[in-house]
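2 protein chains.
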Amino acid sequence: MAQGANMADDAARKRRSGGRAGHRDRAGSAVIDQMPWRQPQNPDRPTEPLDGDGVQAIHRGAMRILREIGIEFLNPEAVEHLRRAGCKITGTNVRMDEDFVMEMLSHAPAQFTITPRNPAREIIIGGRYMSFVNVSSPPNSWDLERGKRSGDFATFQEFMKLTQYFNCIHIAGGYPVEPIDIHASVRHLDCLYEKLTLTDKVVHAYSLGRERVEDVMEMTRLAAGLSHSEFDEKPRMYTNINSVSPLKHDFPMLDGAMRLALRNQAVVVTPFTLAGAMAPVTMSGAVTLSLAEGLAAVALLQFIRPGCPVAIGTFTSNVDMKSGAPAFGTPEYMRATQMTGQMARFYGLPLRSSGVCAANVPDGQAMWETSNSLWAAVQSGTNMVYHAAGWLEGGLIASPEKFVMDCEVLQMIQRYFEQPTWATTDDDIAFDAIKDVGPGGHYFGCAHTQERYTNAFYAPIVSDWRNYEAWQLDGSVWTAERAHRIYKAILEEFVPPTMADDHRGALQEFVARRKQEGGAPTDF
Amino acid sequence: MAQGANMADDAARKRRSGGRAGHRDRAGSAVIDQMPWRQPQNPDRPTEPLDGDGVQAIHRGAMRILREIGIEFLNPEAVEHLRRAGCKITGTNVRMDEDFVMEMLSHAPAQFTITPRNPAREIIIGGRYMSFVNVSSPPNSWDLERGKRSGDFATFQEFMKLTQYFNCIHIAGGYPVEPIDIHASVRHLDCLYEKLTLTDKVVHAYSLGRERVEDVMEMTRLAAGLSHSEFDEKPRMYTNINSVSPLKHDFPMLDGAMRLALRNQAVVVTPFTLAGAMAPVTMSGAVTLSLAEGLAAVALLQFIRPGCPVAIGTFTSNVDMKSGAPAFGTPEYMRATQMTGQMARFYGLPLRSSGVCAANVPDGQAMWETSNSLWAAVQSGTNMVYHAAGWLEGGLIASPEKFVMDCEVLQMIQRYFEQPTWATTDDDIAFDAIKDVGPGGHYFGCAHTQERYTNAFYAPIVSDWRNYEAWQLDGSVWTAERAHRIYKAILEEFVPPTMADDHRGALQEFVARRKQEGGAPTDF
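Shown next, in the form of structure tokens:
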């Protein structure tokens, strides 16, 4: 089954990449020999801890929360829509029954595409497709040279270059660091200008008030040289909203989500439910709460624009019960992600999860926690992996070294998905080669190897596979330091993607005008 | 299904541990708060890249190798057995047909137990049971203080203490470092004496000649105070043999395997097939070759002692095609391990795989490579994980820091297997708690949390979950350095397991006598 799915994937991939499907068909960079751009597909059957009864128990729990407890919608417009939809309204509390929720879910597409200004960077959200998003929203950065610092615009630009440079990063998500040296009223204008010119990948708008959301949609439209109707025709960008767990959706998040939905742009709804803090201490309880919150918002969006592109996100982890500190990449996190994957398939919705860790520096702990969360993303059938590269300290730090190191893991996941790693044609079984080489021989020189060796195996970017002595002679450089050197070299050779002069001009004009108008309110 | 299996596991575990089943039922150590001793069971459905045709293709390939190419058995006694069995013999080349192989495999138990001197440390090999083995056989050690050094006896002892100390290490496998300061003729005597007195876990004999194998069996018997017939009654220890890929089994490995099989002791057959070097460059080709070699030895052992306990091992990775250096924990390694897991289930044999990396120091690369291999072990349904803690540099280095760090990952895997992480009883779904806390509240103080928080989540041993500032105030200690401190502290507080004086006396007497006799030949 996996094999059949992947062969179809291969054909699709060849079409999408113009025939360049070999995984060593490198980008030809001087700094690293990375994999070419492609969107991977996950051929594996998901890992499913829940049996049918477990799925039903969580579903019943979520429906009961929505029906008996209700969700606070702190947005009068949203409440008004839901009143019209027949939900039970008490002030800001909205209760909805299962029939309504399931009917609304039936409108949601199981899969959709987002097309950025460069159509070759189109991303499919849903099915077996997976996409990796850069680290988003840390207030601070950390690197080996400068340690921990508050986010600034120069560092923001560095991360946007890394986001564009790495082919295994498919989406330019939230701000990789919050640039606090740019005034909040115009920050979104400067940030989106940089994002739209330094990258040509799918971009994201924070739902932080009407003006910002509208500005970002307009800038995304201008950067692609689209008419308003062309923009509305299909998803061109997306927002990610978080509920205020437990049981609340705040005003600006709902406002932004509704604005995007009405223009057919994508909305990801990601409750942040830390078991033991803002969610029950039991993992299925935290997942149930998360789903109730997520489905409530999805139902609203499907009511106001049936068929609009939506996904649910999971951000269910646990706290350290000694200190209350959030923990990430834990066994409990992995199971919560897998359970939410089962529920996303049950509801027919695409799934977002994350690459996460609690570690403060890009060391061993950082990589086992991140590996745990990234493999949980694979096992859960996640479609969109937020924070897939660069995250530290539970999301309070973005690190360029970690970014490079994570991209190694992401590339390995992409290679792991490729059918040649488990193909069993006669050529793969290699009986004739085994006979020819015979006992005591070796395969370095045989024709079977010679014909295949350039593309046979994953080639690393930051891993050092030399023996200890060769590694020592070269300075005994640990992984984080090697990643630091690669990050610096990438910035030096970075070339921004092309952009038509008139599109750039229109963008610049828009930013200048909006700055003159004072930007957006800062009382959010 | 997973849930049902695990509930049965829970009951079995409670019986086995005398009712102490809570994962936070700690050992009470002053140094670390580790999980109690237990043998984990893997509740997950394996990840299976091969479809039915793929399984058949590999099976047919392996059978064709055995029938048409044959395996070199460099051991006249083995050849004589196989001649009697009706195999086609040409000098040392043995060809066997599918009917014979499958008949022999039908004798092999799908599951067996190994009972060491402390019966509470009994280990089940097969089914959903998983066990973790210490790093085995590196010629060198490395630690943060002393760097890379040749193995010596003092370092051997340190690792035996770590092997005993960590409850998540179930088996005291090969020598964690080769103690080259002990003469080879008596090395096995000193090493096994230390292993049998510093640990009470399942031990292993190297198949390096008749005398060593017989000595280790005798010492294992004496350490447990068993009669000869009690020893033979069931598996008390095991050996692991490697073929000389491609297509060869050497004299001492076969000799040792046959000696153990005839006394009902366990044999693991692990070909080391590096794709592109001693095996085909294609992963399924390397797996096919590995299986042919492994099944040939299993068939021999089942012929001479039908029903003897055997397992097959996979050690199929790939080389770096630029340098020829072995690579570990790669995407190709993961798929090879998963494919071999499918074939092990097809043949009804328990599976051994490994925790591996190519990294030279316990840094980020070490942990993503090790995580890849350990999760592949989980996904493949591996029963016995060799080198599960402490391995670096492709097996050329054993590191105590890496040992501690790997044990964190192993504990997380054990916790990941525990049913409470995905339970969905009404108490888990927590509707009442969600209703009571309501919107905007938090769960820290509620009764539902208070009743559960001590056992709710995995508690780490070396991970630092504090925020950056707390971590910085405490000296900005990276993971490897924290692991170093823990390793030193463990050695300081280490208390060997108890052993009856007469058993110890018998062991000492045996070692003294065998030393006086000159030990074992060193011309192997």
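Chains as they are written, first to last, in our numbering: chain A, -16 to 507; chain B, -16 to 507. Backbone N, C-alpha and C fix where the C-beta goes; we use that ideal spot for every residue, glycine too. Bear in mind that the values here come from a model prediction, so they are computed numbers and not experimental data.
Among the residues of chain A, those whose CB is under 7 angstroms from the CB of residue 388 of chain B are 347, following chain order. The Cβ atoms of residue 115 of chain A and residue 218 of chain A do not sit closer than 7 angstroms to each other. With a threshold of 7 angstroms between beta carbons, residue 318 of chain B makes contact with chain A.
Excluding the 5 residues flanking it on each side, residue 287 of chain A has same chain C-beta neighbours closer than 7 angstroms at 64, 241, 244 and 245, in chain order. By the criterion of at least three beta-carbon pairs nearer than 8 angstroms, the region 194 to 202 of chain B is not in contact with the region 471 to 480 of chain B.
Around residue 344 of chain A, the beta-carbon contacts reaching into chain B at under 9 angstroms are 451, 454, 459, 461 and 462. Considering only B:51, B:102 and B:111, the residue with the shortest C-alpha distance to residue 362 of chain B is B:111.
Residue 326 of chain B is positioned such that its CB atom lies closer than 7 angstroms to that of residue 274 of chain B. For the region 252 to 267 of chain B, the set of residues with a beta-carbon nearer than 7 angstroms to any beta-carbon of chain A comprises 259, 260, 261, 262, 263, 264, 265, 266 and 267, in chain order. Short of 8 angstroms from the beta carbon of residue 426 of chain B, and not among the five residues preceding or following it, lie these beta carbons of its own chain, in chain order: 416, 420 and 432.
In this structure, residue 301 of chain A places its C-beta atom within 7 angstroms of the C-beta atom of residue 440 of chain B. CA-CA distance, residue 342 of chain B to residue 175 of chain B, rounds to 29 angstroms.
In this structure residue 262 of chain B touches residue 272 of chain B by the C-beta definition: roughly 5 angstroms separates them, less than 8 angstroms. The alpha-carbon of residue 495 of chain A is positioned some 26 angstroms away from that of residue 98 of chain A. In this structure, the beta-carbon distance from residue 381 of chain A to residue 118 of chain A falls below 7 angstroms.
Sorting B:183, B:51, B:228 and B:278 by C-alpha distance to the C-alpha of residue 87 of chain B places B:278 at the top.
For residue 211 of chain B, the closest C-alpha among the options B:334, B:247 and B:178 is that of B:247. Just so you know, the alpha carbons of residue 480 of chain A and residue 186 of chain B end up roughly 60 angstroms apart.
At least one CB of chain B lies nearer than 7 angstroms to the CB of residue 413 of chain A.
The beta-bridge partner set that DSSP reports for residue 24 of chain A consists of A:112. If you ignore the 5 residues before and after residue 236 of chain B, its C-beta comes within less than 7 angstroms of the C-beta of 190, 224 and 225, all in its own chain and listed in chain order. With 16 or more neighbouring CB atoms inside 10 Å of its own CB, residue 334 of chain B falls in the buried class. The beta carbon of residue 446 of chain B sits closer than 7 angstroms to some beta carbon of chain A. At least one CB atom of chain B sits nearer than 7 angstroms to the CB of residue 27 of chain A. Listed in chain order, the alpha helix (DSSP H) elements of length 4 or more contained wholly in the region 92 to 152 of chain B are 136 to 148. Neighbours of residue 354 of chain B in chain A, taken as residues whose beta carbon is under 8 angstroms from its own, are 350, 351, 354, 355 and 358 in chain order. In this structure, the alpha-carbon of residue 24 of chain B lies about 41 angstroms from that of residue 122 of chain A. Assignment of residue 503 of chain B by DSSP, reduced to helix, strand and coil, places it in the coil class. Inter-segment contact for the region 62 to 79 of chain B and the region 440 to 449 of chain A is absent: fewer than three beta-carbon pairs are separated by less than 8 angstroms. Contact annotation, residue 394 of chain B with residue 444 of chain B: C-beta distance approximately 7 angstroms; criterion of less than 8 angstroms satisfied. Using a Cβ distance threshold of 7 angstroms, residue 154 of chain A and residue 366 of chain A do not count as a contacting pair. Residue 254 of chain A is classed as buried because its beta carbon has at least 16 other beta carbons within 10 Å across all chains shown. The region 426 to 481 of chain A contains, as complete alpha helix (DSSP H) runs of 4+ residues, the segments 430 to 433, 436 to 439, 451 to 456 and 462 to 476 (chain order).
In this structure, the straight-line span from the alpha carbon of residue 128 of chain B to that of residue 458 of chain B is close to 18 angstroms.
Sorting A:294, A:53 and A:84 by C-alpha distance to the C-alpha of residue 74 of chain A places A:53 at the top.
In this structure, the beta-carbon distance from residue 372 of chain A to residue 152 of chain A falls below 7 angstroms.
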